[in-house]
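Novice: The structure's right below; bear with me while I get my questions together.
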Amino acid sequence: MNTTLNPMTTSSKTLCSSSLTTAGKLVWLNQARRACKRIPPLWPLQSFVAVNPFVGLTDRPFVEVCELMHRVTKGGMLMSVEYFREQFASGRISSRDVEEAVARSDSELTTAQLLAWLKEPEMDPEVGIPTLADIATACVKKNWSDLVTEEVSKWCASYCDEGQAAWRMPWKNQPLYTAWKKAYTIDATPKLIGFGEIHQVLGELPDKACEAIPVMLDTLAIHADKVEDYLHRLLMTLPGWSSYLQYQSGKQVMCENALLDLLAIRLVFEVALLKQFKSRDIHEKWFHALTGVKPGAGWMTQKQLLWHSALEIGFQRQLCGQLKKAAQDGMPPGKVRPAVQAVFCIDVRSEVMRRSLESVSAEVETLGFAGFFGMPIEHVPLGHRHGESRLPVLIAPKYRVREQSVCATPEEDRLVRLKQQMARRTSHSWNAFRTSAVSSFSFVEAAGVSYAWHLLRDSFQWGPRQDKTKGSCCTELALHSPKSLPDHPRDASFKAGGIPWDDQVQLAKAALKNMGLTENFARLVVLCGHGSNTTNNPYAAGLDCGACGGHAGDVNARVATIILNQAPIRRALEKEGLFIPCDTYFVAALHDTTTDEVRLYDTEKVPPSHEVDVQQLRLWLADAARHCRGERAPSLGIHEKEGIHVENLIIDRSRDWSQVRPEWGLVNNAAFIVAPRARTQALNLQGRVFLHNYDPKSDSTGSTLELIMTAPMIVTSWINLQYYASTVNHRLWGSGSKVTHNVVGTFGVQQGNGGDLQSGLPLQSLHNGEAWMHEPLRLSVFIEAPRANIEHVLAKHENVRQLVDHGWLHLYALEDEGRMISRRDQNGDWERV
Numbered sequence: 001m002n003t004t005l006n007p008m009t010t011s012s013k014t015l016c017s018s019s020l021t022t023a024g025k026l027v028w029l030n031q032a033r034r035a036c037k038r039i040p041p042l043w044p045l046q047s048f049v050a051v052n053p054f055v056g057l058t059d060r061p062f063v064e065v066c067e068l069m070h071r072v073t074k075g076g077m078l079m080s081v082e083y084f085r086e087q088f089a090s091g092r093i094s095s096r097d098v099e100e101a102v103a104r105s106d107s108e109l110t111t112a113q114l115l116a117w118l119k120e121p122e123m124d125p126e127v128g129i130p131t132l133a134d135i136a137t138a139c140v141k142k143n144w145s146d147l148v149t150e151e152v153s154k155w156c157a158s159y160c161d162e163g164q165a166a167w168r169m170p171w172k173n174q175p176l177y178t179a180w181k182k183a184y185t186i187d188a189t190p191k192l193i194g195f196g197e198i199h200q201v202l203g204e205l206p207d208k209a210c211e212a213i214p215v216m217l218d219t220l221a222i223h224a225d226k227v228e229d230y231l232h233r234l235l236m237t238l239p240g241w242s243s244y245l246q247y248q249s250g251k252q253v254m255c256e257n258a259l260l261d262l263l264a265i266r267l268v269f270e271v272a273l274l275k276q277f278k279s280r281d282i283h284e285k286w287f288h289a290l291t292g293v294k295p296g297a298g299w300m301t302q303k304q305l306l307w308h309s310a311l312e313i314g315f316q317r318q319l320c321g322q323l324k325k326a327a328q329d330g331m332p333p334g335k336v337r338p339a340v341q342a343v344f345c346i347d348v349r350s351e352v353m354r355r356s357l358e359s360v361s362a363e364v365e366t367l368g369f370a371g372f373f374g375m376p377i378e379h380v381p382l383g384h385r386h387g388e389s390r391l392p393v394l395i396a397p398k399y400r401v402r403e404q405s406v407c408a409t410p411e412e413d414r415l416v417r418l419k420q421q422m423a424r425r426t427s428h429s430w431n432a433f434r435t436s437a438v439s440s441f442s443f444v445e446a447a448g449v450s451y452a453w454h455l456l457r458d459s460f461q462w463g464p465r466q467d468k469t470k471g472s473c474c475t476e477l478a479l480h481s482p483k484s485l486p487d488h489p490r491d492a493s494f495k496a497g498g499i500p501w502d503d504q505v506q507l508a509k510a511a512l513k514n515m516g517l518t519e520n521f522a523r524l525v526v527l528c529g530h531g532s533n534t535t536n537n538p539y540a541a542g543l544d545c546g547a548c549g550g551h552a553g554d555v556n557a558r559v560a561t562i563i564l565n566q567a568p569i570r571r572a573l574e575k576e577g578l579f580i581p582c583d584t585y586f587v588a589a590l591h592d593t594t595t596d597e598v599r600l601y602d603t604e605k606v607p608p609s610h611e612v613d614v615q616q617l618r619l620w621l622a623d624a625a626r627h628c629r630g631e632r633a634p635s636l637g638i639h640e641k642e643g644i645h646v647e648n649l650i651i652d653r654s655r656d657w658s659q660v661r662p663e664w665g666l667v668n669n670a671a672f673i674v675a676p677r678a679r680t681q682a683l684n685l686q687g688r689v690f691l692h693n694y695d696p697k698s699d700s701t702g703s704t705l706e707l708i709m710t711a712p713m714i715v716t717s718w719i720n721l722q723y724y725a726s727t728v729n730h731r732l733w734g735s736g737s738k739v740t741h742n743v744v745g746t747f748g749v750q751q752g753n754g755g756d757l758q759s760g761l762p763l764q765s766l767h768n769g770e771a772w773m774h775e776p777l778r779l780s781v782f783i784e785a786p787r788a789n790i791e792h793v794l795a796k797h798e799n800v801r802q803l804v805d806h807g808w809l810h811l812y813a814l815e816d817e818g819r820m821i822s823r824r825d826q827n828g829d830w831e832r833v
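The opening residue of the sequence shown carries number 1 in the UniProt record's numbering; numbering runs sequentially from there.
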């Protein structure tokens, strides 16, 4: 294997003349695989959830990854000097924050230098790792980089299509690189747009990516210590497709090495440009640019890091102050039995609703728990054969729950099923006609008039509101359904026929224990999931519940209440030491985060003894919804007076197909508090904090703390870092403007009519048109537990420890009922705040 660059000889080297040994090929291939591991997965639109864009790099310190991204991307992963200048001028960052940031770091920079940099920021002379396409673009004055992106993207879209295209790629049953090579060999487009050597290069290469990659790397003659970063750089020229293929590699056997295939395709264009422009010394210029890139952050990056730290310190100081004041004021007096206990998802949007609901009545107690309520299920809607996973995406479902008809007669049941099947088949046929290559133009002629009515109806919002979370009154969830659907290849523990009895008992016990609801039960206990209603929004799943895999949480809440309302289940729980009063009734609900309406489910089953309680609950929920809408309205640009007009305007946003900001989602999230509600009940946290109930006194084994730190804490960190990345470098990790989005393959979006797959959040989900609505802060986690207990979990779980030790989140311990707060530094030492 070559370990030095010789630009004078490699340009004329033919691919067939490679003299690589088996050991040399293996070294190249291992470096390629390591580069692929740095890429995060991207879930498809149907189950779009927040993903940490740096998930493959958390084994490295945050500072080191900032340096890496400075080399392999354009724009890096920190905000610009202009942003920090604005924050300092507004007082959001104070001189005290800057001084503390300097004190915490080991940098030689001073506060005075940082302040001077805001006034006269020097340009960092270091440049990132260039590709050959970048060098060719600069030398030939033709944008080869964009051409490569367009060419690779169109074939990735064709290969990955999941039903949008009527004419499919004929080699989809083969690995991506092999299929692309066969298709591209007979494609005339490359020569027409200027890639004159690419067919010759393809003719000399093996048909397998794992064999072609070492040959091409040997041809490029890259120094060994540059290979991994260079290959990472190539993948970051197509961050969207790289991430989606990373997701596919974990889902399909055929796509097991899909990211390696993409890397091989990208390398083909590099080698083709090398041969095409060998007379222009492209390789020599690339060689000198590549060797000039040195590890370590430039002065500019170091200063950005310190200003970023100061931004976080300002937020943390304010939140610590709020928590300490609440602790000093003392806990609220002990309450008698509440009339209602409402368990909400830990989502930051729930913080506003919980605070509003508690404000309308002192008889309401709220709790926070992951929105799938501990129900690891796959839900099969009525008339469907395949289900949707309603749990965190990193966990596989254990049970399949079917929706079944409850019609009065067999004939009514048959008609309901027939209607469902006909609707599904009609939709499939209509879509095939609409997207077919031979009928796409005639579709406009045939359907134009009917679509004019749809356009008018949606534009003026005529007719009833469409609500995707509203179930049919003729169906119910069956927990003991017969095994009538085909099994997917899964773990042996997967139960396709429902949830076995013993498992229901254990699910009920675990859910109540982990949400901290083991005593003093109210007469009504509401399990309230959340979902969102929007129109014409490819990213709709991103506004639903992440804990439910990008779906609404209604099904999980209903399954949990069905289990918990069964008398035999309660008798079994009593044997486990968990006593639920006989007059406690569980109700499922859903919080629509777009309109703040809370809908109750299965109320026709509520016993007569609790009908008055439910009526009172509806009144409280309506008052809380009005309060929420009033609080959210200004951020949505609604400045009307309180009342029905505000409610109508907000509801209209959920129905408006042209609305790019129906709601703000989880924007501005910044902290995760794991503690009794008493610590935060008196605080207005402005919808910025995830809230999870936890009482260390009732967790003698530490199992609940371990569960929270290994699941919800990681999920909230993923959410936080996706919003962070989409803000600090929107071009790379965001998805641009919603206005120009086009759905590709039914699984993702592109900007306009081509280019890379977009991987992050839309601009309108982060920016209001004048300023960023999201502050890019790493998550600050506050846990009420002894530091020794926290350290025990960190020592046991390396992936959690890496997040803390490497600075991907900030960890605080609340002790002495919140009166003492300690911060854990990256050396593992605790410092009292």
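Even glycine gets a Cβ: it sits at the ideal position worked out from N, Cα and C. Because the structure is a prediction, the values reported are computed rather than measured.
Just reading off the beta strand (DSSP E) that M820 is part of, what are its end residues?
Specialist: 820-824
Novice: State the beta-bridge partners of residue 865 as determined by DSSP.
Specialist: Nothing about residue 865 can be reported from this structure: the residues present for the chain run from 1 to 833 only.
Novice: So, are the CB atoms of E363 and P381 less than 8 Å apart?
Specialist: no
Novice: Please return the same chain residues whose Cβ sits closer than 7 Å to the Cβ of G250, not counting the five positions on each side in sequence.
Specialist: P41
Novice: Taking the alpha-carbon positions, what's the W171 to A179 distance?
Specialist: 5 Å
Novice: So for R168, helix, strand or coil by DSSP?
Specialist: Reduced to three states, the DSSP call for R168 is coil.
Novice: Specify, as a first and last residue, the run of the beta strand (DSSP E) that Q341 falls within.
Specialist: 340-344
Novice: Over the uninterrupted beta strand (DSSP E) stretch that includes G531, give me the two end residues.
Specialist: 524-531
Novice: Along the chain, where does the alpha helix (DSSP H) that runs through Y244 open and close?
Specialist: 239-249
Novice: Tell me whether I404 sits in a helix, a strand or coil according to DSSP, three-state version.
Specialist: Position check: residue 404 holds Gln in this sequence, whereas Ile was assumed. It is a strand residue.
Novice: Just mark residue 835 as buried or exposed, buried being the case when its beta carbon has 16 or more other beta carbons within 10 Å.
Specialist: Outside the shown range of the chain, which is 1 to 833, sits residue 835, and nothing can be said about it.
Novice: Quick one: using the 10 Å Cβ neighbour count with 16 as the cut-off for buried, is A813 buried or exposed?
Specialist: buried
Novice: If distances are taken between C-alpha atoms only, which option among H386, L394, T110, L794 comes closest to V49?
Specialist: L394
Novice: Express the C-alpha separation of L512 and N768 in angstroms, rounding to a whole number.
Specialist: 40 Å
Novice: Which partner residues of R599 appear in the DSSP bridge assignment?
Specialist: L590
Novice: Among the candidates T366, A547, D544, D502, whose CA atom is the shortest distance from the CA of L517?
Specialist: T366
Novice: Taking the CB atoms as reference points, tell me whether W657 and N533 lie closer together than 8 Å.
Specialist: No Cβ-Cβ contact shorter than 8 Å links W657 with N533.
Novice: Taking DSSP as the reference, what is the three-state secondary structure of I198?
Specialist: helix
Novice: Are the beta-carbon atoms of S822 and L319 separated by less than 8 Å?
Specialist: no
Novice: What do you reckon, are the CB atoms on I313 and E100 nearer than 8 Å?
Specialist: yes
Novice: Taking its Cβ as the centre, do 16 or more other Cβ atoms sit within 10 Å of C582, making it buried, or is it exposed?
Specialist: Looking at its Cβ environment, which holds fewer than 16 other Cβ atoms inside 10 Å, C582 is exposed.
Novice: Ends of the beta strand (DSSP E) at residue 891?
Specialist: Here the chain covers residues 1 to 833 and nothing more, so residue 891 does not appear.
Novice: Of the choices G76, F195, I186, T584, whose alpha-carbon is the least far from that of N143?
Specialist: Among G76, F195, I186, T584, the Cα nearest to that of N143 belongs to F195.
Novice: Please report the residue range of the alpha helix (DSSP H) in which T704 lies.
Specialist: 703-710
Novice: Buried or exposed, going by whether 16 or more other CB atoms sit within 10 Å of the CB of residue 834?
Specialist: Past the edges of the chain, shown from 1 to 833, lies residue 834, and the structure says nothing about it.
Novice: Name the DSSP beta bridge partners of S389, please?
Specialist: E378
Novice: Out of curiosity, what's the CA-to-CA distance linking N827 and S158?
Specialist: 48 Å
Novice: Sorted by chain position, which residues of the same chain lie with C-beta nearer than 8 Å to T680's C-beta, five sequence neighbours on each side aside?
Specialist: L323, A326, I673, V689, L691
Novice: Where does F54 sit, in a helix, a strand or coil, going by DSSP?
Specialist: coil
Novice: Quick one: what's L732 bridged to in DSSP?
Specialist: DSSP output for L732 lists no bridge partner at all.
Novice: Quick one: using the 10 Å Cβ neighbour count with 16 as the cut-off for buried, is A671 buried or exposed?
Specialist: A671 is buried by the Cβ-count criterion.
Novice: Would T534 count as contacting chain B if we go by Cβ distances under 8 Å?
Specialist: Any reference to chain B falls outside this structure, which holds one protein chain only.
Novice: Please report the distance separating the alpha-carbon of G76 from that of L235.
Specialist: 15 Å
Novice: Nearest by alpha-carbon distance to L600: which of G529, T594, L666, W664 is it?
Specialist: G529
Novice: I'd like to know if the segment 648-667 and the segment 621-638 are in contact, where contact means that at least 3 CB-CB pairs between them fall below 8 Å.
Specialist: Inter-segment contact for the segment 648-667 and the segment 621-638 is present: three or more beta-carbon pairs are separated by less than 8 Å.
Novice: Buried or exposed, going by whether 16 or more other CB atoms sit within 10 Å of the CB of G818?
Specialist: buried
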